[in-house]
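Undergrad:
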Amino acid sequence: MEHSSQLLQHELAGSLQTSTGRSKSLPENPSSVSLLGPTENPTNTSHRTSFRIGDSTQTSSSNESGIPGDEEKEPRKKSEAMSWWWWWEIGAAMLGTISMLLIIAVLFKVQDKPLQDWTLSIQPNSLIAVFTTIGKTATMVPIASCIAQLKWRHFDRRDRRLDHLQLFEDASRGPWGAVTMMYSVRYQAWLASALALVTVVALGIEPSAQQILNFPHRITMLKNASAEIGIADGYSSKAYDVFDAIGSDAVGFEDIWALQNHLIGGMAGTVLQPRVECASPATQCSWEDFTTLGVCSNFRNVTDVAIRNCNTNGTRLSCTYSFPGREPYDDQDLSIGWLTTAYSSTASTGFRSATGVADESNQSGAIGSMAAVKVTAITEHEALGPPKTEVYYSTWYWCAQTYHGVTATPNALHTSPPQTERLFVMNNPPGKDVADNTLRANSTGKLYKIGGLAQELVFWYLENALNTTTPSLYNPAYFNLNVGYLLQSNNISNVTQNIADTLRGLMRSDTAGDNRNVTMLKGEAFYNTTFVEVRWPWIILPLAETLLTVVLLAISIALTRQQPLLKTSVMAFLVHGLEGWSDDELAVGRPETAESLHGMAKGMTASFRENGRGRLKFVRS
114 MEHSSQLLQH ELAGSLQTST GRSKSLPENP SSVSLLGPTE NPTNTSHRTS
164 FRIGDSTQTS SSNESGIPGD EEKEPRKKSE AMSWWWWWEI GAAMLGTISM
214 LLIIAVLFKV QDKPLQDWTL SIQPNSLIAV FTTIGKTATM VPIASCIAQL
264 KWRHFDRRDR RLDHLQLFED ASRGPWGAVT MMYSVRYQAW LASALALVTV
314 VALGIEPSAQ QILNFPHRIT MLKNASAEIG IADGYSSKAY DVFDAIGSDA
364 VGFEDIWALQ NHLIGGMAGT VLQPRVECAS PATQCSWEDF TTLGVCSNFR
414 NVTDVAIRNC NTNGTRLSCT YSFPGREPYD DQDLSIGWLT TAYSSTASTG
464 FRSATGVADE SNQSGAIGSM AAVKVTAITE HEALGPPKTE VYYSTWYWCA
514 QTYHGVTATP NALHTSPPQT ERLFVMNNPP GKDVADNTLR ANSTGKLYKI
564 GGLAQELVFW YLENALNTTT PSLYNPAYFN LNVGYLLQSN NISNVTQNIA
614 DTLRGLMRSD TAGDNRNVTM LKGEAFYNTT FVEVRWPWII LPLAETLLTV
664 VLLAISIALT RQQPLLKTSV MAFLVHGLEG WSDDELAVGR PETAESLHGM
714 AKGMTASFRE NGRGRLKFVR S
């Protein structure tokens, strides 16, 4: 055996002398040579030489065939450097930073832009969610490694309770452990506590990222669509201003019926609107202020000033009502009569209206008028006198209407009451029923031309339709096309305005209306579109989380640069075990649980340092 040891020593010395150019002296007593390091293993024939880097102990090996050359050592050093330093953590921090930069780039790309301009198949909020998930996952890697590495430094600096090992381990695994460590360790490990705080705050990254983008609806102008609205600079009636080939008046029966239908419908409340073009995809159209030819009205309840003049002829009582302020052309008496013996008879009158139309000599721009008397109550107790009545007076006249802020949707026109100016007749040649009447706005001097037949015939029809008498009580046999029933049962003020609005609609429409000379005013078309709104304050948390991770990683690398780089290694706990406790002191009652071990560790203090044999251990203090 002694001979074999001498032979092995001689061969080893020769090998070292060959590889290094000089021989190393060996102890004279071969039996004192340890070839196996701290733990002897007779079956292991390799030789380990111990050396230290910083505070850690590492070994280099040579096999029986000799020590590797320089060309073999260089790749191995590079491989070891790639595996044990902070490269993975630095790469993860860079990935988190890149993810954050990509989020910011996306936000600048979509800020205040229509969502429909986004061309990628994945929506911007989904893309931000992807980058956020990648960034958060990446930043958790260096945070966990830093906390794990700092636990070794925590024990290296002074004696600590062993349960702090578990606190650090739990903190590196998730938010709950981080909260527990911050509460237990606090200022004893400020850097680790800061990393634990970052771990907890990371819970708010996803909720914050979800709040970054908002998608409000905004009105956007359509560039390839137009909006139009009809305005009247004059009035040439489709129904009446028609001439045949030899210049005689020709009647357009279909247009006449359409005109009359619109007028009756307007009295009932179905008012014809001007022609408006605001079609899909537009959801709203608007126009600048404009002025158009129109018809204005005036309504008065003259009951208080009306004078009643009644006379009796046998059993019939007739009353004529007069009041001040009637138009000069309105000379028709407003008379109504009842049977004095029975007000409930069908011969009794409930409503009476009388109309007038301005002639060619009128220069005031007047069109026509209607005086009306309506019985409000009638009983047999009033047989000795007339029943209670109300008296109304309505007039219509040409006017210029100026509209502001007109808008429309595909289904409706929205206007506010216009500013109006009365128009006056400039020339109205007598005896020429086909001549155009010229109206003038005194404030602007603008002229409007009205067809002669339209001036006469349209309002002659209204004169006949509104000149009516209706009984107070009747049976269905008396029903006929009599607008008096409509006037009697409706608010005369509303009917007056509806007639004016219907005439306005007829003059501002060439298709459904009655005017050949409609001018289509261009406007702007808009539609509701979804915009992307960036709410920048919500990105502060993800951005701060990323920046803090980078800063804390750099600080952790700097503070632990002289320590063994063990991080989350489980093998490190096996290699660097406890020292200074007997087996009896480490005994835990059955069953052995994590809680029982944790409770025992609270009463044990140690520091991570070299023992008497130069090995790093958790040495009992």
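Whatever position you read off the sequence shown (first residue = 1), add 113 for my numbering.
All C-beta atoms, glycine included, are put in the ideal place defined by N, C-alpha and C.
Where does Gln229 sit, in a helix, a strand or coil, going by DSSP?
TA: helix
Undergrad: Identify which residue in Gly636, Ala625, Ala657 and Asp402 has its Cα closest to the Cα of Pro531.
TA: Asp402
Undergrad: Name the residue from Ser306, Leu214 and Trp265 whose alpha carbon lies nearest to the alpha carbon of Ile256.
TA: Ser306
Undergrad: CB Ile235 to CB Ile325, shorter than 9 Å?
TA: no
Undergrad: Return the first residue and the last residue of the beta strand (DSSP E) that Val418 is part of.
TA: Premise fails: Val418 is in no beta strand (DSSP E) and is neither H nor E.
Undergrad: Quick test of the definition: if touching needs 3 or more C-beta pairs under 8 Å, does the region 332–350 touch the region 398–415?
TA: yes
Undergrad: Do Gln386 and Phe639 have their C-beta atoms within less than 9 Å of each other?
TA: If you check the CB distance, Gln386 and Phe639 do not come in under 9 Å.
Undergrad: Pull up the distance between the alpha-carbon of Arg286 and that of Trp303, whole angstroms please.
TA: 18 Å
Undergrad: Can Ala513 and Val389 be called in contact, C-beta distance under 9 Å?
TA: no
Undergrad: On the premise that Glu341 lies in contact with Gly636, defined as a C-beta separation below 8 Å, what is that separation, rounded to the nearest angstrom?
TA: 7 Å
Undergrad: Between Thr425 and Gly450, what straight-line distance do the alpha-carbon atoms span, to the nearest angstrom?
TA: Between the C-alpha atoms of Thr425 and Gly450 there is a straight-line separation of about 9 Å.
Undergrad: Can you grab the Cα-Cα spacing for the pair Gly712 / Pro704, in whole Å?
TA: 14 Å
Undergrad: I need the straight-line Cα distance from Ala261 to Met294, nearest angstrom please.
TA: Straight-line Cα distance between these residues: approximately 12 Å.
Undergrad: Only counting the same chain, and skipping five residues up and downstream in sequence, which positions put a Cβ closer than 7 Å to that of Ser556?
TA: Glu534
Undergrad: Going by CA-CA distance only, name the one from Thr582, Leu430 and Asn550 that's closest to Ala484.
TA: Thr582
Undergrad: For Asn595, I'd like the list of residues in its chain whose CB is within less than 8 Å of its CB, leaving aside the five on either flank, ordered along the chain.
TA: Thr581 and Thr583
Undergrad: Apart from the five residues just before and just after Thr615, which ones in its own chain have a Cβ nearer than 7 Å to its Cβ?
TA: His375, Leu376, Gly379, Val384 and Leu385
Undergrad: Look up Arg286 in the DSSP assignment and say whether it is helix, strand or coil.
TA: coil
Undergrad: Note down, in chain order, each residue of its chain lying with its Cβ closer than 7 Å to the Cβ of Ile480, except the 5 sequence neighbours on either side.
TA: In the same chain as Ile480, and ignoring 5 residues on each side of it, the C-beta atoms closer than 7 Å to its own belong to Val408, Ala471, Trp509, Tyr510, Trp511 and Phe572, in chain order.
Undergrad: Return the CA-CA distance between Phe227 and Asn238, expressed in angstroms with no decimal places.
TA: The residue asked about is misnamed: residue 227 is Pro in this sequence, not Phe. Taking the straight line from one Cα to the other gives about 14 Å.
Undergrad: For Ala700, count neighbouring C-beta atoms within 10 Å of its own C-beta (all shown protein chains included) and say buried if the count is 16 or more, exposed if not.
TA: exposed
Undergrad: Give me the Cα-Cα distance between Val314 and Phe221, rounded to the nearest whole angstrom.
TA: Just so you know, the alpha carbons of Val314 and Phe221 end up roughly 25 Å apart.
Undergrad: What separation, rounded to the nearest whole angstrom, lies between the Cα atoms of Gln601 and Gly564?
TA: Distance between the alpha carbons of Gln601 and Gly564: 33 Å.
Undergrad: For the region 592–660, which segments carrying the alpha helix (DSSP H) assignment without a break, of at least 4 residues, lie completely within its bounds, in sequence order?
TA: 596–602 and 605–620
Undergrad: Are the CB atoms of Tyr574 and Leu430 within a distance shorter than 9 Å?
TA: no
Undergrad: Helix or strand or just coil, what does DSSP make of Tyr296?
TA: For Tyr296, the three-state secondary structure derived from DSSP is helix.
Undergrad: Could you have a look at Pro329 and say whether DSSP puts it in helix, strand or coil?
TA: coil
Undergrad: Where Phe537 and Gln229 are concerned, what is the direct C-alpha to C-alpha distance, given to the nearest angstrom?
TA: 53 Å
Undergrad: Write down the C-beta distance between Ser622 and Asn628 rounded to the nearest angstrom, noting that I regard them as a contact closer than 8 Å.
TA: 7 Å
Undergrad: Verify whether the separation of the beta carbon atoms of Ser474 and Leu447 is less than 9 Å.
TA: no
Undergrad: If you draw a straight line from the C-alpha of Asn607 to the C-alpha of Leu233, how long is it?
TA: 56 Å
Undergrad: Under the three-state reduction of DSSP, which class applies to Gln262: helix, strand or coil?
TA: helix
Undergrad: Around the Cβ of His267, are there at least 16 other Cβ atoms within 10 angstroms (buried) or fewer (exposed)?
TA: buried
Undergrad: Which residue wins for smallest C-alpha separation from Glu723, given the options Ile653, Gly693 and Leu710?
TA: Gly693
Undergrad: I'd like the list of long-range same chain contacts for Gly360, defined as Cβ closer than 6 Å, with 5 residues on each side in sequence excluded.
TA: At Gly360, the pLDDT of 49 sits below 50, so the modelled position is not reliable and the matter cannot be decided from this model.
Undergrad: With a 10 Å radius around its C-beta and 16 neighbouring C-beta atoms as the bar for buried, classify Glu698 as buried or exposed.
TA: exposed
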